[in-house]
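Asker: This is the structure I want to talk about, given as structure tokens.
Protein chains: 6
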Amino acid sequence: MEKENTRFKNGLNALQNIDGTAGQNVMDSLTGDSKDIAKYIVEFAFGDIYTRNSLNLKQREMITITALLVQGDTAPQLNVHINGALNVSLSETEVIETFIQCIPYIGFPKVLNAVSVAHEVFKTRN
Amino acid sequence: MEKENTRFKNGLNALQNIDGTAGQNVMDSLTGDSKDIAKYIVEFAFGDIYTRNSLNLKQREMITITALLVQGDTAPQLNVHINGALNVSLSETEVIETFIQCIPYIGFPKVLNAVSVAHEVFKTRN
Amino acid sequence: MEKENTRFKNGLNALQNIDGTAGQNVMDSLTGDSKDIAKYIVEFAFGDIYTRNSLNLKQREMITITALLVQGDTAPQLNVHINGALNVSLSETEVIETFIQCIPYIGFPKVLNAVSVAHEVFKTRN
Amino acid sequence: MEKENTRFKNGLNALQNIDGTAGQNVMDSLTGDSKDIAKYIVEFAFGDIYTRNSLNLKQREMITITALLVQGDTAPQLNVHINGALNVSLSETEVIETFIQCIPYIGFPKVLNAVSVAHEVFKTRN
Amino acid sequence: MEKENTRFKNGLNALQNIDGTAGQNVMDSLTGDSKDIAKYIVEFAFGDIYTRNSLNLKQREMITITALLVQGDTAPQLNVHINGALNVSLSETEVIETFIQCIPYIGFPKVLNAVSVAHEVFKTRN
Amino acid sequence: MEKENTRFKNGLNALQNIDGTAGQNVMDSLTGDSKDIAKYIVEFAFGDIYTRNSLNLKQREMITITALLVQGDTAPQLNVHINGALNVSLSETEVIETFIQCIPYIGFPKVLNAVSVAHEVFKTRN
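This is how it looks when you write it as structure tokens:
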């Protein structure tokens, strides 16, 4: 039980450091039968994965926003993680540059979608 | 014309530095009507995009292998770019760790596919 | 001609039993050149496929909402088929549980999207 | 029943005209429980769709190979339909040019995959 | 430099002929760090690709709207290119028929999404 | 620690019951840096998700093979989970029927790919 608590505690910590209130809002929207999804996001995604060594949080968020852009149909998650990327100190330029690097591999449409979410995020934060 | 030559020359330079012979093999396989695709890969992907500022080549290859993993059906391209990632000095550990970071966002199957390509590449190089 | 009529009649019957007015609304929106798409949905999807043996309608809707979740960019169709799933007597818990089962195979973002559509549907029906 | 027979007969006719023996091989591989899939391909895909007006077969195969390229993980189907495209008199140049047109919209990897299938098909036919 | 100018000039010309003000709006929305994406769309997508021989603009837009439909999560880009398709003289019937041809290869949901964007475009133009 | 052990133990138990030696082979192939992926598959996918209530294992495998079919580029995982589906007593007919139900939602190509994997699995087991 100790260790399980540790996974949740570490995960919540990571989630709050990275995604701030945006991440908390996603958690709060998961109630009733879907409450366990929030638990798994905290314990598994953040407790197990984000707290690993070998890559730092800037690198992990760069990978995450790339994965979301390429997958498509992820505007709400991109919003959370572009905020997360900026929170762990990627610059706005680096966020856009990450998206530009994806052009040869997935084409312009999904890049334009991601840039459009980024512009909203940048405007809200500035 | 000067500048066009520059794009091709810079692109070929970047391609050779990053992907080495694996990249050259892809180019050589594009003959006849598809020869222009090789030209666009050199000029646009490598000449225009990889030579940009704001991100270094380690970061660009980390983004690229993430984009290829998430997109799926890209084993040959992953092979080339896992090699590229190691060539620009990502460690094997960082390559696998990049794939692990994708699990929460795309699930296990595509991560297992990418790890399987990585293991082949690692074995060939060692 | 007999048989063709049968396919359409059986399909319309199945469509109305499963998707109710939501399905009818989709059909009604398909006018002019796209009217034949409604015909194919009725005849082929519902007349040929949903009326087959070996799986019951609960199983068919479970498969359908899984296919829509994984494919992505299908919020309107998920809305129709989460309603359909509940109409053929899957419980709200079983709908959410179907989505949770998808996490290891497609990751959290598409599951969160589907859960968000499900919550809208549940609220409208209750 | 008349009409049903007509759908199957017209579909088989279209399938044989377009895909030749390659299409027949796909049909023949579908036995037992999956035999009905062959029936639906003949009746629906070929009997209902390919025989429609407003677009000719060259246009329909151009759309089909684009859809297969973009979707990914469709090498066997691309093989059949690149053959189909050539059978209805698209030139090899037009097939490759169709793929090149996709680069801005889906990126290089899936285009390279499709070109690689095309080169196999061209070699087998020449 | 001459040639580079030519790529941009030819690309802008093609973009304006095909996509009209809708294309220009996309360009105008790309400012700051993402301004270069507009440059690449003009130079590469339109300057390099759309101006090639072997296929005419009607064929290129047919391929493009197919690629966007199949890829999914591309409603804004479909809007621009359905307009583009009509601008280069595809008929509304041919646009819808292109989407119908995709049903056997990608299923109904993405076709319904594309038809829904098309209906909006048709209404705005009529 | 107790609880963590429980997750792993329960997960391994579920994995062995469902996927048998095929699942074990996947685990064994994950060594070195990727060993933790095996741990996460056991603890999270099987320990957390497959052991949940509300759906039985037949339903969970039906959802899983649907998710793998729709996602594409998952032949090795489909092989494991078609075996898993049969192990938890879905019939061969139900497996194929699950795939047929996907035709209207994702089209024929990915269904044909999954059927082809299923035929290999059926042959190996009989």
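Chains as they are written, first to last, in this note's numbering: chain A, 1 to 126; chain B, 127 to 252; chain C, 253 to 378; chain D, 379 to 504; chain E, 505 to 630; chain F, 631 to 756. Yeah, the Cβ is synthetic: ideal placement off N, Cα and C, and Gly gets one too.
1. Please state whether the Cβ-Cβ distance between V80 of chain A and D19 of chain A is less than 8 Å.
2. By the 7 Å beta-carbon criterion, what residues does the stretch 83–114 of chain A contribute toward chain B?
3. Given that D73 of chain A touches chain E, what residues does it touch there, using C-beta distances under 7 Å?
4. Nearest to I189 of chain B by alpha carbon, out of B:N143, B:E220 and B:G233?
5. Select from D:N388, D:N383 and D:T452 the residue whose C-alpha is nearest the C-alpha of F738 of chain F.
6. Which residues of the stretch 33–54 of chain A have a Cβ closer than 9 Å to any Cβ of chain C? Give them in chain order.
7. For my contact list, I229 of chain B and S664 of chain F are in at a C-beta cut-off of 8 Å; report their separation, rounded to the angstrom.
8. For L720 of chain F, collect the residues of the same chain with a Cβ closer than 7 Å to its Cβ; drop the 5 residues on either side in sequence, then sort them by chain order.
9. With a threshold of 8 Å between beta carbons, is R629 of chain F in contact with chain C?
10. Quick check on N559 of chain E: does DSSP put it in helix, strand or coil?
11. Check each candidate in C:S368, C:E344, C:I352 and C:A366 and name the one with the smallest Cα separation from N378 of chain C.
12. Among the candidates D:I478, D:A423, D:Q402 and D:L490, whose CA atom is the shortest distance from the CA of D154 of chain B?
13. Run the CB neighbour count on G662 of chain F, radius 10 Å, all protein chains shown included, and call it buried at 16 or more, exposed below.
14. To the nearest angstrom, report how far apart M253 of chain C and T384 of chain D are at their CA atoms.
15. In its own chain, which residues sit with a C-beta less than 7 Å from the C-beta of N269 of chain C, not counting the 5 before and 5 after it?
16. Rounded to the nearest angstrom, how far is the Cβ of Q698 of chain F from that of Q707 of chain F, given a contact under 8 Å?
17. Whose Cβ in chain E lies nearer than 7 Å to the Cβ of T444 of chain D?
18. Which residue marks the beginning of the alpha helix (DSSP H) containing T502 of chain D, and which one marks its end?
19. Cβ of Q394 of chain D less than 8 Å from any chain I Cβ?
20. So Y418 of chain D is in the alpha helix (DSSP H); what residue range does that whole segment cover?
21. In terms of alpha-carbon separation, which member of B:T147, B:V152, B:L156 and B:I226 lies closest to R52 of chain A?
22. Taking the alpha carbon of G677 of chain F as the point to measure from, which residue in F:T754, F:S746 and F:A644 has its own alpha carbon closest?
23. Can you look up D552 of chain E in the DSSP assignment and give me helix, strand or coil?
24. Taking CB distances under 8 Å as the criterion, tell me whether Q276 of chain C reaches chain E.
25. Does DSSP classify T219 of chain B as helix, strand or coil?
26. Which residues bound the alpha helix (DSSP H) around Y204 of chain B?
27. I'd like to know whether the C-beta atoms of K488 of chain D and G450 of chain D end up nearer to each other than 8 Å.
28. Rounded to whole angstroms, what's the CA-CA distance from A423 of chain D to I106 of chain A? Just pull it up for me.
29. Compute the distance between the beta-carbons of V751 of chain F and I415 of chain D, then report whether it is under 8 Å.
30. Is the Cβ-Cβ distance between T444 of chain D and T570 of chain E less than 8 Å?
Answerer: Result, derived from the coordinates:
1. Counting from 1 along the first sequence, the entry for residue 80 of chain A is found at position 80. Counting from 1 along the first sequence, the entry for residue 19 of chain A is found at position 19. The criterion of a C-beta distance shorter than 8 Å is satisfied by V80 of chain A and D19 of chain A.
2. So the close ones are T93, E94, E97, T98, I100, Q101, C102, I103, P104, Y105 and I106.
3. As a first step, residue 73 of chain A is located in the first sequence; it is residue number 73 there, counting from the start. Within chain E, the residues near D73 of chain A are G576 and D577.
4. Taking the first residue of the second sequence as position 1, residue 189 of chain B is located at position 63. Per the Cα distances, B:E220.
5. One-based indexing of the sixth sequence puts residue 738 of chain F at position 108. Closest by C-alpha distance to F738 of chain F, out of D:N388, D:N383 and D:T452, is D:T452.
6. Of all residues in the stretch 33–54 of chain A, D33, S34, D36, I37, Y40, I41, F44 and A45 have a Cβ within less than 9 Å of some Cβ in chain C.
7. Here residue 229 of chain B corresponds to residue number 103 of the second sequence, with the count starting at 1. Here residue 664 of chain F corresponds to residue number 34 of the sixth sequence, with the count starting at 1. The Cβ separation is near 11 Å, so there is no contact.
8. By one-based count along the sixth sequence, residue 720 of chain F stands at place 90. Excluding residues within five positions, the ones whose Cβ falls inside 7 Å are K688, E691 and M692.
9. With chain F covering 631 to 756 only, the question about residue 629 of chain F has no answer from this structure.
10. The count along the fifth sequence starts at 1 and reaches residue 559 of chain E at position 55. According to the sequence as given, residue 559 of chain E is Leu; it is not Asn. Three-state result, L559 of chain E: coil.
11. Looking up residue 378 of chain C in the third sequence gives position 126. Taking N378 of chain C as reference, the option from C:S368, C:E344, C:I352 and C:A366 with the minimal CA-CA separation is C:E344.
12. Taking the first residue of the second sequence as position 1, residue 154 of chain B is located at position 28. Ranking D:I478, D:A423, D:Q402 and D:L490 by CA distance to the CA of D154 of chain B puts D:L490 first.
13. Translated into positions along the sixth sequence, residue 662 of chain F becomes position 32. G662 of chain F is exposed by the Cβ-count criterion.
14. Counting from 1 along the third sequence, the entry for residue 253 of chain C is found at position 1. Counting from 1 along the fourth sequence, the entry for residue 384 of chain D is found at position 6. Its pLDDT being 45, under 50, M253 of chain C is placed unreliably by the model, and the measurement read from it follows with that caveat. One C-alpha to the other measures close to 10 Å.
15. Here residue 269 of chain C refers to the residue found at position 17 when the third sequence is read from its first residue. Excluding sequence neighbours, N269 of chain C sits near nothing in its chain.
16. As a working mapping, residue 698 of chain F is identified with position 68 in the sixth sequence. As a working mapping, residue 707 of chain F is identified with position 77 in the sixth sequence. According to the sequence shown, residue 698 of chain F is Leu rather than Gln. Contact flag correct, Cβ pair sits at about 5 Å.
17. Mapped onto the fourth sequence, residue 444 of chain D falls at position 66. At a beta-carbon threshold of 7 Å, the residues of chain E lying near T444 of chain D are I567, T570 and A571, ordered along the chain.
18. Start at 1 with the first residue of the fourth sequence, and residue 502 of chain D comes out as number 124. Unbroken alpha helix (DSSP H) run through T502 of chain D: F486 to R503.
19. Given the protein chain composition of this structure (A, B, C, D, E and F), no chain I is represented.
20. Reading the fourth sequence from its first residue, position 40 is the one you call residue 418 of chain D. Element bounds for Y418 of chain D: K413 to Y418.
21. In the first sequence, residue 52 of chain A corresponds to position 52, counting from 1. Measuring from the Cα of R52 of chain A, the nearest candidate turns out to be B:I226.
22. To locate residue 677 of chain F, count along the sixth sequence from 1; it is residue 47. Of the candidates F:T754, F:S746 and F:A644, the residue whose Cα lies closest to the Cα of G677 of chain F is F:A644.
23. By 1-based counting over the fifth sequence, the position of residue 552 of chain E is 48. Correct three-state label for D552 of chain E: helix.
24. Along the third sequence, one-based indexing puts residue 276 of chain C at 24. Judged by the 8 Å Cβ criterion, Q276 of chain C is not in contact with chain E.
25. For the purposes of this step, residue 219 of chain B is identified with residue 93 of the second sequence, where counting begins at 1. T219 of chain B falls in the helix class under three-state DSSP.
26. Counted from its first residue, the second sequence places residue 204 of chain B at position 78. Correcting the residue identity first, residue 204 of chain B is Leu in this sequence and not Tyr. For L204 of chain B, the enclosing alpha helix (DSSP H) has its first and last residue at A201 to N213.
27. Position 110 of the fourth sequence, counting from 1, holds the residue named residue 488 of chain D. Position 72 of the fourth sequence, counting from 1, holds the residue named residue 450 of chain D. A distance below 8 Å separates the beta carbons of K488 of chain D and G450 of chain D.
28. As a working mapping, residue 423 of chain D is identified with position 45 in the fourth sequence. As a working mapping, residue 106 of chain A is identified with position 106 in the first sequence. Rounded to whole angstroms, A423 of chain D to I106 of chain A spans 29 Å at the Cα level.
29. Taking the first residue of the sixth sequence as 1, we reach residue 751 of chain F at position 121. Taking the first residue of the fourth sequence as 1, we reach residue 415 of chain D at position 37. Contact annotation: V751 of chain F and I415 of chain D have beta-carbon atoms that are not nearer than 8 Å.
30. The sequence position of residue 444 of chain D within the fourth sequence is 66, counting from 1. The sequence position of residue 570 of chain E within the fifth sequence is 66, counting from 1. Against a cut-off of 8 Å, the Cβ pair of T570 of chain E and T444 of chain D comes out as a contact.
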